[in-house]
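A.B. asks: To get this note's numbering, take the position in the sequence shown, counting from 1, and add 1339. Glycine included, each C-beta is placed from N, C-alpha and C at the ideal position.
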Amino acid sequence: MSITTIEGLTTDVGTKHPVQQAWLDLDVAQCGYCQAGQIMNASSLLANNPNPTDQDIDNAMQGNLCRCGTYVRIREAVKLAATQMKTEA
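1) Using only CA atoms, which one of Gln1374, Asp1351 and Thr1350 lies nearest to alanine 1361?
2) Taking the alpha carbon of glycine 1376 as the point to measure from, which residue in Met1400, Gln1394 and Leu1419 has its own alpha carbon closest?
3) Given a cut-off of 8 Å on the beta-carbon distance, is the pair asparagine 1388 and aspartate 1395 in contact?
4) So leucine 1301 and alanine 1421 are supposed to be a Cβ contact under 8 Å. How far apart are they, rounded?
5) In the DSSP assignment, find the alpha helix (DSSP H) that holds alanine 1390 and state where it starts and stops.
6) Applying the 10 Å Cβ sphere with the 16-neighbour rule, what's the burial state of isoleucine 1413?
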């Protein structure tokens, strides 16, 4: 059994996982409190479902609460990361 933390999403120094990059590109974070959990949950979703629908994303992310209410940007970032991951493959 292995556990991946947010620091372990990428092993290349100076690079970011597509989900992390999408979060930055779309300015998802406001306070940042929930972001590690949001990013890890999104990366897990995309590892298991590379083509999620909006409903898939909402269902997968519903356990992570964002006190700043950036849910629309979170959904858009997950879709952007999914697109980026397809082009990198």
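C.D. replies: Considering the structure as presented:
1) The residue labelled residue 1361 in the question sits at position 22 within the sequence shown. Ranking the options by Cα distance to alanine 1361, first place goes to Gln1374.
2) What you label residue 1376 is simply residue 37 of the sequence shown in a count that begins at 1. The shortest C-alpha separation from glycine 1376 is found at Met1400.
3) By one-based count along the sequence shown, residue 1388 stands at place 49. By one-based count along the sequence shown, residue 1395 stands at place 56. Result yes, Cβ atoms of asparagine 1388 and aspartate 1395 sit closer than 8 Å.
4) Nothing about residue 1301 can be read from this structure; the chain reaches only from 1340 to 1428.
5) One-based indexing of the sequence shown puts residue 1390 at position 51. Looking at the sequence provided, one finds asparagine at residue 1390 rather than alanine. Note, asparagine 1390: premise wrong, no alpha helix (DSSP H); not H, not E.
6) Stepping through the sequence shown from its first residue, residue 1413 is reached at position 74. Flag for isoleucine 1413 reads buried.
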